[in-house]
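Throughout the sequence shown, residue numbering follows our numbering, covering 27 to 267 in sequence.
Think of the CB as a built atom: it goes at the ideal place given N, C-alpha and C, for glycine as much as any other residue.
Just so we're clear, the structure is a prediction, and the values are computed from it rather than from any experiment.
Input: a single structure, listed below in structure tokens.
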Amino acid sequence: MTSKFPIEFIKELQNHFGEKIAEKTLKALSDTSSVSIRINPLKPIEGFSSDTPIPWSKNGHLLKDRPFFSLDPHFHAGCYYVQDSSSMILETLLNKLKPERDGLYLDACAAPGGKSTVLLDYLNNEGFLLSNEVDGKRNSILREIILKWGRLNVGVTSLPTRKFIDLNCAFDLILVDAPCSGEGMFRKDVKARSEWTPTSPLDCSIRQQRILTDLTPCLRAGGFLIYATCTFNRQENEEQI
Ligand code: SAM
Numbered sequence: 027m028t029s030k031f032p033i034e035f036i037k038e039l040q041n042h043f044g045e046k047i048a049e050k051t052l053k054a055l056s057d058t059s060s061v062s063i064r065i066n067p068l069k070p071i072e073g074f075s076s077d078t079p080i081p082w083s084k085n086g087h088l089l090k091d092r093p094f095f096s097l098d099p100h101f102h103a104g105c106y107y108v109q110d111s112s113s114m115i116l117e118t119l120l121n122k123l124k125p126e127r128d129g130l131y132l133d134a135c136a137a138p139g140g141k142s143t144v145l146l147d148y149l150n151n152e153g154f155l156l157s158n159e160v161d162g163k164r165n166s167i168l169r170e171i172i173l174k175w176g177r178l179n180v181g182v183t184s185l186p187t188r189k190f191i192d193l194n195c196a197f198d199l200i201l202v203d204a205p206c207s208g209e210g211m212f213r214k215d216v217k218a219r220s221e222w223t224p225t226s227p228l229d230c231s232i233r234q235q236r237i238l239t240d241l242t243p244c245l246r247a248g249g250f251l252i253y254a255t256c257t258f259n260r261q262e263n264e265e266q267i
């Protein structure tokens, strides 16, 4: 089972978490991905309520099968967003931290937009979200998702993070869902395994550090910086924090 993963990745997993947890993680990464959605509270739809609710997300549902989303008009109308249940943990975090709802929020690495929709649901028409994606192609997808989600207190930008200091604003909350080596994607996307190299964590951590250095001065004193990756290694997570 382990031969499907880069050997350096396995070694680091074992060093970091110990043999037992590493084994369990590799087993989980070899399983089929689950399919989950979060329903847009502005456009509630029936039909998914019989599927398993996700305890850490009010509108999240784990589906039994993967439907043909592209054939469903509700999907195109932004009635729900197809999102990994792990990404929905942001909702729990917001409910625990309780940042002010009338604040100014920044989602700095936002495309395709899943976490921006979580932030918008939390804001619930108060405050303002700046949803930013530097990559032009991904920014178009982000704009479409945000438009369909149907909230008015949001703007989409396409700025490199070093430019935010020029805006002269103090954000109450900044989310950095950072570009990373994607070890958490090894289950869903087999290509992620072949794209990973032993230097990916270091390369990515340098980029992440730059992003964090650019954005930290844009946070108001007492504000929240939420940092997330979809990878397991220390360099991009604990050491980055
Ligand atoms: N938050 C998104 C969501 O929930 O749908 C996923 C974000 S993805 C993990 C990271 C994003 O960071 C990608 O869209 C990528 O284009 C963007 N990115 C890549 N390099 C970047 C950089 N140097 N500065 C800011 N964002 C970058």
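- Three or more pairs of CB atoms, one per stretch, sit closer than 8 Å, so the region 35 to 43 contacts the region 256 to 264.
- Where L88 is concerned, there is no enclosing alpha helix (DSSP H), although the beta strand (DSSP E) around it starts and stops at G86 to L89.
- Between the alpha carbons of L97 and T239 lies a gap of roughly 43 Å.
- Around the C-beta of H102, fewer than 16 other C-beta atoms lie within 10 Å, and the residue is accordingly described as exposed.
- Taking C-beta atoms as the reference points, L132 and L156 count as a pair closer than 8 Å.
- For L241, the enclosing alpha helix (DSSP H) has its first and last residue at S226 to L241.
- Three or more Cβ pairs drawn from the region 60 to 68 and the region 110 to 127 lie within less than 8 Å of each other, which places the two stretches in contact.
- C-alpha of L146 to C-alpha of G162: approximately 22 Å in a straight line.
- Annotated three-state conformation of A247 is strand, per DSSP.
- Annotation: the continuous alpha helix (DSSP H) that includes L168 extends over G162 to W175.
- Not one heavy atom of the ligand SAM falls within 7 Å of the beta-carbon of V216.
- Under DSSP, F154 shares a beta bridge with L130.
- Contact check for C135 and P227: beta-carbon distance about 17 Å, past the 8 Å limit, so the pair fails to qualify.
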